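For the sequence shown, full-length UniProt numbering assigns the number 1 to the initial residue and increments by one for each residue that follows.
By construction, the Cβ of each residue, glycine as well, lies at the ideal position given by its N, Cα and C atoms.
Treat the numbers as computed from the prediction; the structure is a model and nothing was measured.
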Amino acid sequence: SCHRPTGQRAGQEPGSRGLPEGVEYIPTRKKGKNPMKPVGVAWYSLYARTRLGYLFYQRQVKKARERYPHGHSVPQPYCFPGVKILPIPVLSNNYSYLVIDTGSSQAAVIDPSDPLAVQAAIEEEGVMLEAIFCTHKHWDHSGGNEALRQKHNSCKVYGSALDAIPQLTNPLADREKVSVGSLTFEALATPGHTVGHMVYVLDGGPFGSPPCLFSGDLLFLAGCGRPFEGSPETMLASLDMAMGLGEDTLLWPGHEYALECLTFASLLELDNYALEQKLQWAVQQRQEKRSTCPSTLGEEQTYNPFLRTHRPELQEALGLWQGGGEDPDAFRARVLKEVRRRKDLYQAT
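Next comes the structure, spelled out in structure tokens:
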């Protein structure tokens, strides 16, 4: 059965992980020694630029399949007239997404981490895979490209030419649009996590739905990706671009990080009612192993600290004040950098 999002916001106010994504923490980790403590830039270089990264990804896939034979979360399909969005839980906390034009049975997949899980969803839905949209090069988002291309010969792989995306057939420019059946996706360049990171926006207009943002590792529920290959200023500009899509836009992130991100955010803003309510909801969802996506961008503005760099209450909580003559966006980038620093320290404990 399908669930149709209501688009309701969680509060009254208007308004990553530090490791490469295959190595991220389990969503409901217990306190104690953390075997995945970040080891710095050297590890990232090995993961992102050498075959060691691919071998590590393969190991992560194998372990996740053994630990989560049915996926780390209970997926909930979302339907609008003419379109179906199926989250596919993969690895220890990733999401791939199968987006189906129900009229033609043509489909696209975003970030196929585990090709077996994606192929099983394709077969169960009885659809034809026409496109792979890759947000960035990291193996936990692109590792299934080759196997799926071998299985679906006519399938095209879309992404940025600035990232070394496996099997890339159709490089995309910023704001370029791609049609799959009656579905229209727009690619937006959002550098920061990687140089070539892109997000994809499904136009919901023809289906009477809000826009759908498949954000990869740019934006999570209450969090955002670590800027491995960009400055705070670059990441801030990418986040601002995403927020320009509108408050009713549905956010479909690349990872299930809600519980940890909301818990961290609650340490920064102690009196945020929307944050408190969303955290209580997320605790219940995760206790039942249910997915926490989608949220809306309107909701995110009420509790996501990475999107609240303009809010005086967050600035004050961080002990930051705008300098005389300091450019507002430069100050916001400074706030973002401090939130990121504290999040990385939180993750490492």
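Alpha helix (DSSP H) runs contained entirely in the region 271-305, provided each spans 4 or more residues: 273-287 and 297-303
Identity of the residues DSSP links to Phe185 by a beta bridge: Within the sequence shown, the letter at position 185 stands for residue 185. Val178 and Leu202, per the DSSP bridge assignment.
Under 8 angstroms between C-beta atoms of Leu183 and Val99: For the purposes of this step, residue 183 is taken as residue 183 along the sequence shown, with counting starting at 1. For the purposes of this step, residue 99 is taken as residue 99 along the sequence shown, with counting starting at 1. Yes; because the gap between Cβ atoms is below 8 angstroms, this pair is in contact.
Touch test, the region 100-118 against the region 130-139, Cβ-Cβ under 8 angstroms, three pairs minimum: yes
Minimum C-alpha distance to Gln277 - residue among Trp252, Asn304 and Glu288: Taking the sequence shown and counting its residues from 1, one reaches residue 277 at position 277. When each option's Cα is compared against that of Gln277, the closest is Asn304.
Cβ shell of Val61 (< 6 angstroms), same chain only, five flanking positions each side left out: Residue mapping note: residue 61 aligns to position 61 of the sequence shown, counting from 1. Closer than 6 angstroms at Cβ, skipping near neighbours: Asp114.
DSSP three-state assignment for Ile100, whether helix, strand or coil: Sequence index remark: in the sequence shown, residue 100 carries index 100 (1-based). Three-state DSSP puts Ile100 in a strand.
Straight-line Cα distance separating Arg334 from Pro38: Counting from one through the sequence shown, the residue named residue 38 turns up at place 38. Counting from one through the sequence shown, the residue named residue 334 turns up at place 334. Any reading at Pro38 needs caution, since the residue's pLDDT is 46, under 50, leaving its predicted position unreliable; the model's value is listed next. Between Pro38 and Arg334, the C-alpha separation is close to 23 angstroms.
Contact under 8 angstroms by Cβ, Val221 with His197: Taking the first residue of the sequence shown as position 1, residue 221 is located at position 221. Taking the first residue of the sequence shown as position 1, residue 197 is located at position 197. The amino acid at residue 221 is misidentified as Val; the sequence shows Leu. It is not a contact, given that the beta carbons lie outside the stated cut-off.
C-alpha gap between Leu55 and Arg49, whole angstroms: Counting from 1 along the sequence shown, the entry for residue 55 is found at position 55. Counting from 1 along the sequence shown, the entry for residue 49 is found at position 49. In a straight line, the C-alpha of Leu55 is about 12 angstroms away from that of Arg49.
Alpha-carbon to alpha-carbon, Leu46 and His70: Sequence index remark: in the sequence shown, residue 70 carries index 70 (1-based). Sequence index remark: in the sequence shown, residue 46 carries index 46 (1-based). Rounded to whole angstroms, His70 to Leu46 spans 30 angstroms at the Cα level.
First through last residue of the alpha helix (DSSP H) which encompasses Lys151: Sequence index remark: in the sequence shown, residue 151 carries index 151 (1-based). Residues Asn145 to Lys151.
Those residues which DSSP pairs with Met128 across a bridge: Here residue 128 is taken as the residue at index 128 of the sequence shown, counted from 1. The partner list for Met128 (beta bridge, DSSP) reads Gln106.
Integer Cβ distance of Cys155 from Pro77, believed to fall under 8 angstroms: Sequence index remark: in the sequence shown, residue 155 carries index 155 (1-based). Sequence index remark: in the sequence shown, residue 77 carries index 77 (1-based). Rounded, the Cβ-Cβ distance is 21 angstroms, inconsistent with contact.
Option in Gln315, Arg67, Leu129 and Pro191 with minimal Cα separation from Gly216: Counting from 1 along the sequence shown, the entry for residue 216 is found at position 216. The shortest Cα separation from Gly216 among Gln315, Arg67, Leu129 and Pro191 belongs to Pro191.
Reduced DSSP category for Pro69 - H, G, I as helix; E, B as strand; rest coil: Taking the sequence shown and counting its residues from 1, one reaches residue 69 at position 69. It is coil, neither helix nor strand.
Proximity of Gly144 and Val118 at Cβ, strictly below 8 angstroms: Counted from its first residue, the sequence shown places residue 144 at position 144. Counted from its first residue, the sequence shown places residue 118 at position 118. Yes; because the gap between Cβ atoms is below 8 angstroms, this pair is in contact.
Proximity of Lys343 and Phe228 at Cβ, strictly below 8 angstroms: On the sequence shown, residue 343 is found 343 positions in, with the first residue counted as 1. On the sequence shown, residue 228 is found 228 positions in, with the first residue counted as 1. Result no, Cβ atoms of Lys343 and Phe228 do not sit closer than 8 angstroms.
Euclidean distance between Cα positions of Ala173 and Ser160: Here residue 173 corresponds to residue number 173 of the sequence shown, with the count starting at 1. Here residue 160 corresponds to residue number 160 of the sequence shown, with the count starting at 1. Near 7 angstroms, if we compare the C-alpha coordinates of Ser160 and Ala173.
Gln12 classed as buried or exposed, judged by whether at least 16 other C-beta atoms fall within 10 angstroms: Translated into the one-based positions of the sequence shown, residue 12 becomes position 12. Annotation note: pLDDT 34 at Gln12 (below 50); position unreliable, coordinate value reported separately. Result: exposed.
Bridge-paired residues (DSSP) for Gly159: Here residue 159 corresponds to residue number 159 of the sequence shown, with the count starting at 1. Pro171, per the DSSP bridge assignment.
Cβ-Cβ distance between Cys293 and Tyr95 below 8 angstroms: Counting from one through the sequence shown, the residue named residue 293 turns up at place 293. Counting from one through the sequence shown, the residue named residue 95 turns up at place 95. Yes; because the gap between Cβ atoms is below 8 angstroms, this pair is in contact.
Straight-line Cα distance separating Gly53 from Ala42: As a position in the sequence shown, residue 42 is number 42, starting the count at 1. As a position in the sequence shown, residue 53 is number 53, starting the count at 1. Approximately 12 angstroms between the Cα atoms of the pair.
Residue range of the alpha helix (DSSP H) that includes Pro89: Position 89 of the sequence shown holds residue 89. Not the alpha helix (DSSP H): Pro89 falls in the beta strand (DSSP E), residues Val83 to Val90.
Short Cβ contact (8 angstroms threshold) for Leu336 with Leu251: Residue numbering aside, residue 336 sits at position 336 when the sequence shown is read from its first letter. Residue numbering aside, residue 251 sits at position 251 when the sequence shown is read from its first letter. No, Cβ-Cβ distance for Leu336 and Leu251 is not below 8 angstroms.
Per DSSP, cross-strand counterpart(s) of Leu213: On the sequence shown, residue 213 is found 213 positions in, with the first residue counted as 1. In the DSSP output, where bridge partners are listed per residue, Leu213 has Val201 and Leu251.
DSSP three-state assignment for Val195, whether helix, strand or coil: Counting from one through the sequence shown, the residue named residue 195 turns up at place 195. If DSSP states are grouped into helix, strand and coil, Val195 belongs with coil.
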